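Under the working numbering, the residue at position 130 of the sequence shown is numbered 134, and the numbers go up by one with no gaps. Note that the Cβ used here is the ideal one computed from N, Cα and C, for glycine as well. For clarity, every value in this text was computed on a predicted model and none was experimentally measured. Quick notes on the structure that follows.
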Amino acid sequence: MNGNDPSLVHCRNYHIGCREPDPGLQQAGRTNMAGYFFLDMREISNGPALEEYRSRVRETVDKFDGEYLIVGGKSEVVEGKWEPVFPVLLRFPTLEASRKWYDSEEYKELKELRLGATSGNAVFFESEINEFVTE
5 MNGNDPSLVH CRNYHIGCRE PDPGLQQAGR TNMAGYFFLD MREISNGPAL EEYRSRVRET
65 VDKFDGEYLI VGGKSEVVEG KWEPVFPVLL RFPTLEASRK WYDSEEYKEL KELRLGATSG
125 NAVFFESEIN EFVTE
């Protein structure tokens, strides 16, 4: 990979620090960017409430065309100091779809249930991963 390759500049700029997608990608019609919701549950304070959440949440994710990519599992940190406890990664067709799910009436009660039963960190991501990998 040549560090001076101009086709890689937008990827470097976008994935390392930029908050908005490259306008050049949008002008070229390359706007197929998935939205992701990443949650790392750090502590559980109410197991029965979390079980209720788990039994009902998939239906809301499915309604917004989301899919589970990661639900827990063993992790190995190879760089940095981050130590995930129970990671959950959801992918939606777009960032807007992931936000609509998160803010939806369908998820509202469940979100409150989860927030009352666990503590952790959650973030949204938007990614043009296919573009990044193929160029």
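{"Check": "In chain order, what residues of the same chain lie with their CB nearer than 7 Å to the CB of V81, ignoring the 5 residues before and after it?", "Outcome": "E87"}
{"Check": "In terms of alpha-carbon separation, which member of A126, G124, S102 lies closest to F68?", "Outcome": "S102"}
{"Check": "Less than 8 Å between the CB atoms is what I'm expecting for V61 and L114, so what's the real figure, rounded?", "Outcome": "5 Å"}
{"Check": "For the candidate residues R46, G124, Y106, G120, whose alpha-carbon lies nearest to that of D144?", "Outcome": "There is simply no residue 144 to check, as the chain begins at 5 and stops at 139 in what is shown."}
{"Check": "How is V61 classed by DSSP in three states: helix, strand or coil?", "Outcome": "helix"}
{"Check": "Where I48 and K85 are concerned, what is the direct C-alpha to C-alpha distance, given to the nearest angstrom?", "Outcome": "22 Å"}
{"Check": "Determine the burial state of F96: buried for a count of at least 16 other Cβ atoms within 10 Å of its Cβ, exposed for fewer.", "Outcome": "buried"}
{"Check": "Please identify the residue among E132, S59, A53, Y72 whose C-alpha is closest to the C-alpha of R118.", "Outcome": "A53"}
{"Check": "Would you call the CB atoms of V89 and R46 closer than 7 Å?", "Outcome": "yes"}
{"Check": "What separation, rounded to the nearest whole angstrom, lies between the Cα atoms of V50 and R58?", "Outcome": "Reading off the sequence shown, one finds Asn at residue 50, where the question assumed Val. In a straight line, the C-alpha of N50 is about 12 Å away from that of R58."}
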